[in-house]
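In terms of our numbering, the sequence shown opens at residue 3 and continues consecutively.
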Amino acid sequence: LQQMEQTSTTVVWVAGAGQAATVRVRAAGSDQETKVKGTLDASAEPGGGGQQFQATLDGLAPGAVYCYALERDGAPLLEWSGFRTAPAPDALEEIRFAVVGDSGDVTSDQQAVLEQLATVPFQFILHMGDIAYNSGTPDELQNNFFVPYAPLLYSFPIFPIAGNHEYGTDDA
Numbered sequence: 003l004q005q006m007e008q009t010s011t012t013v014v015w016v017a018g019a020g021q022a023a024t025v026r027v028r029a030a031g032s033d034q035e036t037k038v039k040g041t042l043d044a045s046a047e048p049g050g051g052g053q054q055f056q057a058t059l060d061g062l063a064p065g066a067v068y069c070y071a072l073e074r075d076g077a078p079l080l081e082w083s084g085f086r087t088a089p090a091p092d093a094l095e096e097i098r099f100a101v102v103g104d105s106g107d108v109t110s111d112q113q114a115v116l117e118q119l120a121t122v123p124f125q126f127i128l129h130m131g132d133i134a135y136n137s138g139t140p141d142e143l144q145n146n147f148f149v150p151y152a153p154l155l156y157s158f159p160i161f162p163i164a165g166n167h168e169y170g171t172d173d174a
């Protein structure tokens, strides 16, 4: 989930070449569904032979919970997951967020942080850099960040900042 706003968010995924998908979205508790076709993001180079796709979901209500799923040719790519849009500017509610950094590579420390994140409420994550060791290559990002953090990334937007390790590859 990227660019989470009050009335929209963008779903981003990597799939095999030419394998665009459709995002199905509905408000929590509703049967009324909208489908948004994914488009190729030709500017991204995710590595591993895949391509990056995205779909922007518009017309959402502020501070509301939505469910979404990805499908290609009627077959599910991602079963139903959920997210909450940003609250309205005048909403008088707490905003909670998690801050992590140096998640770097798959270790018991990274697993402990993931387990801890599951115990606290938050609406988004700030990542302070060093997302993937050693130098932030696409494969390192996939293996050391996207795979282990997938359960969080399906439901929470993350706002990353490039750390010194990411600058080892194509200026981050």
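Ideal Cβ placement from N, Cα and C applies to all residues, glycine included.
Asked                                                                                                                                                                 : Found
Looking only at its own chain, which residues have a Cβ that is under 8 angstroms from the Cβ of ALA17, when we skip the five neighbours before and after it?         : ALA23, GLY52, GLN53, PHE55, ARG74, LEU79
Below 8 angstroms on the Cβ atoms is my guess for ARG86 versus GLN144; work out the distance and round it to an integer in Å.                                         : ARG86 to GLN144, Cβ: 26 angstroms. No contact.
Using 9 angstroms as the threshold, is the C-beta distance between MET139 and GLY49 below it?                                                                         : Sequence check: residue 139 is Thr here, not Met. Result yes, Cβ atoms of THR139 and GLY49 sit closer than 9 angstroms.
Determine whether the beta carbon atoms of GLY31 and VAL13 lie at a separation below 9 angstroms.                                                                     : no
Considering Cα atoms alone, identify which of GLU142, TYR156, ILE160 is closest to THR171.                                                                            : GLU142
According to DSSP, is PRO162 part of a helix, a strand, or is it coil?                                                                                                : strand
When burial is assigned at 16 or more other CB atoms within 10 Å of the CB, is ILE163 buried or exposed?                                                              : exposed
Excluding sequence positions up to five away, which residues of its chain have a Cβ less than 8 angstroms from the Cβ of GLY65?                                       : GLN8, ARG86, THR87, ALA88, PRO89, ALA90, ALA93, GLU95
Classify LEU143 as helix, strand or coil using the three-state DSSP reduction.                                                                                        : helix
Identify which residue in VAL108, VAL115, GLY131, ARG28 has its Cα closest to the Cα of VAL67.                                                                        : ARG28
Would you mind giving the Cβ-Cβ distance between ALA57 and VAL25, rounded to the nearest angstrom? I have them listed as a contact below 8 angstroms.                 : 4 angstroms
Leaving out five residues on either side along the sequence, give the residues of the same chain with a beta carbon under 7 angstroms from the beta carbon of ASP107. : TYR135, ASN146
Using DSSP with H/G/I as helix, E/B as strand and the rest coil, what is ALA44?                                                                                       : coil
Ordered along the chain, which non-local residues of its own chain (more than five positions away) have a Cβ less than 6 angstroms from that of LEU3?                 : THR11, PHE85, PRO159
Would you kindly check if the distance between the Cβ of GLU168 and the Cβ of ASP132 is under 9 angstroms?                                                            : yes
Could you give the residue range of the alpha helix (DSSP H) that holds LEU2?                                                                                         : One cannot answer for residue 2 here, as it falls past the ends of the chain, which runs 3 to 174.
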